[in-house]
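J.: If you scroll down you'll find the structure; I have some questions about it.
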Amino acid sequence: MSEYRIKVAPNTVAYADAETRKLAVEFAIPGAPTDTIDLKILEDSIHLTAPARDIEYVAALALGWPVKPREAQATYEHGLLRIEVPFKDPMEDAFKVDIKAGDAIKAGEPDTPAKIAEEVLAR
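Per our numbering, the sequence shown starts with residue 6, numbered consecutively.
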């Protein structure tokens, strides 16, 4: 039989550190033993569970900007869990698409807006 604990949302502070280009998140979870803290980070969210005596701290944060979860660092001291995770460049995984000229563009002839308009109206 599992032990029943009241679920409690911890006091939380989250802010962007412009100098380090990292997201900093702090959870106040006094009484939670370090080895029982379960912290999971995805590119778009942070999830925390931490049992402490007769309560269980539970938090889920949706992030407004993607982060790099594999580069996250966390420290726990005096009941304060501090997390730092770098922001992800939104173009980091972007794929460069090659663009081919269509039939309307002829090699060596620059198209002007007037010329394009004439061709469209002629159709």
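Ideal Cβ placement from N, Cα and C applies to all residues, glycine included.
For Ala19, list the residues DSSP reports as bridge partners.
T.: Answer is Val30, bridged to Ala19.
J.: Would Val125 be called buried (16 or more neighbouring beta carbons within 10 Å of its own) or exposed?
T.: By the neighbour-count rule (16 or more Cβ atoms within 10 Å), Val125 is not buried but exposed.
J.: Below 8 Å on the Cβ atoms is my guess for Ala37 versus Ala55; work out the distance and round it to an integer in Å.
T.: Confirmed, about 4 Å.
J.: Between Pro4 and Ile46, which are expected to be in contact by the criterion C-beta below 8 Å, what is the C-beta distance as a whole number of angstroms?
T.: This structure leaves residue 4 out entirely; the chain is present only between 6 and 128.
J.: If you reduce the DSSP assignment to three classes, tell me which class Asp40 lands in.
T.: Here Asp40 sits in helix by DSSP.
J.: On the criterion of 16 or more Cβ atoms from any shown chain inside 10 Å, does Ile121 qualify as buried, or is it exposed?
T.: It counts as exposed.
J.: Can you check DSSP and say which residues form a bridge with Ile121?
T.: Ile121 pairs with nothing; no bridge assigned.
J.: What does a CB cutoff of less than 7 Å around Pro91 pick up in its chain, not counting 5 residues either side in sequence?
T.: Hits under 7 Å: Arg26, Lys27, Val72, Lys73 and Glu76.
J.: Pop quiz: Asp49 and Ala67 are said to be a contact at Cβ under 8 Å. What is the actual Cβ separation, rounded to whole angstroms?
T.: Indeed they touch by this definition, with Cβ atoms about 7 Å apart.
J.: From the DSSP output, which residues share a beta bridge with Thr25?
T.: Partner(s): none; Thr25 has no beta bridge.
J.: Determine which residues share a DSSP beta bridge with Leu66 and list them.
T.: Leu66 pairs with Ile51.
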